[in-house]
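**Q** Residue numbers (the working numbering): 26 to 353. Beta carbons are placed, not taken as given, at the ideal position from N, Cα and C, and that holds for glycine.
(1) Compare the C-alpha of residue 76 against each of 143, 317, 62 and name the closest.
(2) For residue 116, collect the residues of the same chain with a Cβ closer than 8 Å to its Cβ; drop the 5 residues on either side in sequence, then sort them by chain order.
(3) For residue 140, name the three-state secondary structure that DSSP assigns.
(4) Round the Cβ separation of residue 349 and residue 296 to the nearest angstrom and send it over; I've been treating them as touching at under 8 Å.
(5) Quick one: what's got a C-beta closer than 7 Å to residue 303's C-beta in the same chain, skipping five residues either side?
(6) For the alpha helix (DSSP H) containing residue 177, list its first residue and its last residue.
(7) Helix, strand or coil: how does DSSP classify residue 147 here?
(8) By DSSP, does residue 125 sit in helix, in strand, or in coil?
(9) Comparing alpha-carbon positions, which option in 267, 316, 141, 58 lies nearest residue 170?
(10) Mind checking who residue 71 pairs with in its DSSP beta bridge?
(11) Which residue from 107, 253, 249, 260 puts its Cα closest to that of residue 275?
(12) Among 332, 140, 57, which residue has its Cα nearest to the Cα of residue 84?
(13) So, for residue 180: in the same chain, excluding its five sequence neighbours on each side, which residues have a beta-carbon less than 6 Å away from its beta-carbon?
(14) Rounded to the nearest angstrom, how far is the Cβ of residue 153 from that of residue 185, given a contact under 8 Å?
(15) Could you round the C-beta distance between residue 73 and residue 113 to whole angstroms and report it? I think they count as a contact, below 8 Å.
(16) Rounded C-beta distance between residue 252 and residue 167? I'm assuming under 8 Å.
(17) In three-state terms, what does DSSP make of residue 312?
(18) With residue 270 as the anchor, note down where its beta strand (DSSP E) starts and where it stops.
(19) For residue 152, name the three-state secondary structure that DSSP assigns.
(20) According to DSSP, is residue 89 helix, strand or coil?
(21) At what residues does the beta strand (DSSP E) containing residue 339 begin and finish?
(22) Using three-state DSSP, classify residue 402 as helix, strand or coil.
(23) Between the C-alpha atoms of residue 336 and residue 311, what's the straight-line distance to the nearest angstrom?
(24) Excluding the 5 residues preceding and the 5 following residue 123 in the sequence, name in chain order all residues of the same chain whose CB lies nearer than 6 Å to its CB.
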């Protein structure tokens, strides 16, 4: 199997561009631009390169065509200056039938397909179903007992109880100050046993402002959740307690859950439970999610955005997943 592939673009049609736009027709494809790289595998964070014989500029998008005919945006970036190359990254799973590249609305004439996984690995990844985060709380505990749970049970328990944001101290402080302000406004406005209209309005304004401020303070930053489980197989029971730590970074947070012995499984196979909470338009860096060659199964394919020389992972919904770390 060749380690390098190219997706060619069909030659532009002869119709004038203005007529095509007026008629709502698709823009002509580019014959001088191609997608290079490979092999591209399911359940991987894949890397590729957009390359052109002539410089290109504009919006670069890679879509995955699903087996039901629908498409999913996998990668997006903007070439703000004319260039001949652009590195891209994308996650793929077995729901994706083919890959389709477009530059500034001009699509490839033919699509690329993913390479198949070896039978043994394909079966293993299909069985490794990401857990659902059921009845997630709003304030995560500092520790959580595993109590002999196997991977699926431990994953659901960790996702529902540890993969949730904590109420920040700032939000509690805003609520406390607003409550005191509302109480003071009401007390000052009492006249002959009745509240004046101005004092009631002031008290309501203080309460509303406090609630708004608390909501803004409680909005969590984009967060990557990771829990490394030291086990050889998903059926291995887990005992002990995991401890939750949070590390803030510029624009995002990392929440990690580890067993009492942080070195457990560091030199052997581990299953790493992943949770991605980014929101549309906000993202977390791609690198902490996993190495390009590491098997990873997510509940859905996220959007990877190229921005200022780095890759960010975005998803409108909370994503769960498993990554397999084979050890050193």
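**A** Let's see:
(1) The candidate whose alpha carbon is nearest that of residue 76 is 62.
(2) 69, 70, 71, 99, 321, 323, 326, 327, 329, listed in sequence order.
(3) It is coil, neither helix nor strand.
(4) Rounded, the Cβ-Cβ distance is 6 Å, consistent with contact.
(5) Excluding residues within five positions, the ones whose Cβ falls inside 7 Å are 247, 309, 338, 339, 340.
(6) In the DSSP assignment, residue 177 falls within the alpha helix (DSSP H) that extends over 176–186.
(7) Correct three-state label for residue 147: helix.
(8) In the structure shown, residue 125 adopts extended strand secondary structure according to DSSP, grouped into three states.
(9) In this structure, 267 is the residue among 267, 316, 141, 58 with its C-alpha nearest to the C-alpha of residue 170.
(10) Answer is 115.
(11) Restricting attention to 107, 253, 249, 260, the CA atom closest to the CA of residue 275 is found in 249.
(12) Looking from the CA of residue 84, the closest CA among 332, 140, 57 belongs to 332.
(13) Scanning its chain for C-beta atoms nearer than 6 Å, with the 5 sequence neighbours on each side dropped, one finds around residue 180 the residues 156, 298, in chain order.
(14) In fact, because the Cβ distance is near 18 Å, the residues do not count as touching under 8 Å.
(15) Sure, about 5 Å apart at Cβ, within 8 Å.
(16) About 14 Å separates the two Cβ atoms, so there is no contact after all.
(17) Reduced to three states, the DSSP call for residue 312 is helix.
(18) Segment 266–274, the beta strand (DSSP E) holding residue 270.
(19) Three-state result, residue 152: helix.
(20) Strand.
(21) Where residue 339 is concerned, the enclosing beta strand (DSSP E) stretches over 335–339.
(22) Since the displayed the chain opens at 26 and closes at 353, residue 402 lies outside it and no answer follows.
(23) Each residue's alpha carbon lies about 6 Å from the other.
(24) Cβ-Cβ distances below 6 Å link residue 123 to 90, 136, 138 in the same chain, with the five nearest sequence neighbours on each side left out; the list follows chain order.
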